[in-house]
Amino acid sequence: MKWLILLLFFPLNLYASQCGKDMDKSLVGGGCVCPIGKDWRYGQCVSYGLPEFAIDNGEGGWQCIEGYVQKGKRCEKYIVPVADSKLVKVAVHDCDGTTTGKCKLPKQIQSYLLKKQKTQL
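In case it helps, my numbering puts the sequence shown at residues 4 to 124.
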């Protein structure tokens, strides 16, 4: 009988441990749900009414998920055009050559280049 209880308890406990950090884990049966006013999107609980491809930024506002940039009140897929890719390479070279450490590329370009480097390795 003890084994049956352990087998019944363990999977429910394991399922609850896969919940997000701000999720309500008090459901009967061991599930989890986002708090009132939030919905599950992009692997986390986000506030209702946010634009598509947007998440809460933790400061009362929102930000676009990785790979998207904010255009007005929405998020659009970030694509580095072929013509711009040459400019990006020049900018990266210039930034790498600075000794002041003040040269900083936009986050979207940094993440694009990091992904590109990882895929080329």
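The beta carbon of each residue, even a glycine, is placed where N, CA and C say it ideally should be. If you're wondering where the values come from, they're calculated on a predicted model, not measured in any experiment.
1) Is K74 helix, strand or coil when you go by DSSP?
2) Taking just the CA atoms, how far does F56 sit from R77?
3) Can you tell me which of D59, K118, M26 puts its alpha carbon nearest to the alpha carbon of P38?
4) Starting from C48, trace the beta strand (DSSP E) both ways and give me its first and last residue.
5) Anyone know if the C-beta pair for S29 and G40 falls short of 9 Å?
6) Short check: CB of Q73 to CB of I58, under 9 Å?
7) For the beta strand (DSSP E) that K41 lies in, which residues bound it at each end?
8) At the level of alpha carbons, what is the spacing between Y81 and G34?
9) Tell me which same chain residues have a C-beta within less than 7 Å of the C-beta of G70, skipping the five on either side of it?
10) What do you reckon, are the CB atoms on E54 and W65 nearer than 9 Å?
The answer reads as follows:
1) Within the sequence shown, the letter at position 71 stands for residue 74. Looking at K74 - three-state DSSP - the assignment turns out to be strand.
2) The residue you call residue 77 lines up with position 74 of the sequence shown. The residue you call residue 56 lines up with position 53 of the sequence shown. Their backbone Cα atoms lie some 8 Å apart in a straight line.
3) The residue given as residue 38 occupies position 35 in the sequence shown. It is M26 whose Cα lies nearest to the Cα of P38.
4) Taking the sequence shown and counting its residues from 1, one reaches residue 48 at position 45. Taken as a continuous stretch (DSSP letters only), the beta strand (DSSP E) holding C48 covers 47-50.
5) Reading the sequence shown from its first residue, position 26 is the one you call residue 29. Reading the sequence shown from its first residue, position 37 is the one you call residue 40. The answer is no: Cβ separation not under 9 Å.
6) Against the sequence shown, residue 73 aligns to sequence position 70. Against the sequence shown, residue 58 aligns to sequence position 55. Between Q73 and I58, the C-beta gap is not smaller than 9 Å, which leaves the two residues out of contact.
7) For this step, residue 41 is matched to residue 38 along the sequence shown. 41-44 is the span of the beta strand (DSSP E), which, as asked, contains K41.
8) The count along the sequence shown starts at 1 and reaches residue 81 at position 78. The count along the sequence shown starts at 1 and reaches residue 34 at position 31. Cα-Cα distance, rounded: 35 Å.
9) Position 67 of the sequence shown, counted from the first residue, corresponds to residue 70. So the qualifying residues of the chain are K80, Y81.
10) As a position in the sequence shown, residue 54 is number 51, starting the count at 1. As a position in the sequence shown, residue 65 is number 62, starting the count at 1. According to the sequence shown, residue 54 is Pro rather than Glu. Cβ atoms of P54 and W65: closer than 9 Å.
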